[in-house]
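Taking it in order: structure first as structure tokens, then the write-up.
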Amino acid sequence: MNKKEIMKKAVALAKTMVGDWVARMALALKTVWAEVKKMGEKVLPALKGTEKQVAWANDIRNKLIPIVEKNVDMFIAKLENAEFFE
């Protein structure tokens with residue numbers, strides 16, 4: 001499942017909910033991403049290049065993905081608690 005499919009699924013899910021759009025979308029995205037993580041499927045495209053380039057890019061991915069996921073989780077928590085709008 002790529003990012004476009006994830007967003008489409010999240011929007012469809014958010015449309016079935018009631019309440020503030022931002023809160024619905026945050027909850028829908030959190031739900032869809034949890035499903036993707038459960039499936040163990042990565043959203044990242046295959047890398048092309050020399051062996052050295054691919055190794056370098058994979059190293060960067062492995063370092064940054066946990067940081068980005070942590071920040072996304074913090075952002076979603078702030079949206080859910082309305083801290084983002086203060």
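Following UniProt numbering, the numbering of the sequence shown begins with 1 at its first residue and continues without gaps. Note that beta-carbon positions come from the ideal geometry of N, C-alpha and C, so glycine has one too.
Which term fits residue i, buried or exposed, when burial requires 16 or more other beta carbons within 10 angstroms of its beta carbon?
i: L79; result: buried
i: A77; result: exposed
i: A12; result: exposed
i: A34; result: exposed
i: A10; result: buried
i: A14; result: buried
Alpha carbon to alpha carbon, how far is residue j from residue i? Give it in angstroms, no decimals.
i: M17; j: R24; result: 6 Å
i: D20; j: N62; result: 35 Å
i: E51; j: A57; result: 10 Å
i: V54; j: E5; result: 26 Å
i: M74; j: L64; result: 15 Å
i: N2; j: K37; result: 12 Å
Quick one: what does DSSP say residue i is sitting in, helix, strand or coil?
i: T31; result: helix
i: T73; result: According to the sequence as given, residue 73 is Asp; it is not Thr. D73: helix per DSSP, three-state reduction.
i: V18; result: coil
i: K37; result: helix
i: A10; result: helix
i: K48; result: coil
i: N81; result: coil
Do we get a CB-CB distance below 8 Å when we pair residue i with the residues of chain B?
i: W21; result: The chain labelled as chain B is not found in the depicted structure, where only one protein chain is given.
Assess, as a yes-or-no matter, whether the stretch 44-57 is touched by the stretch 13-29 under the definition of 3 or more beta carbon pairs within less than 8 Å.
no
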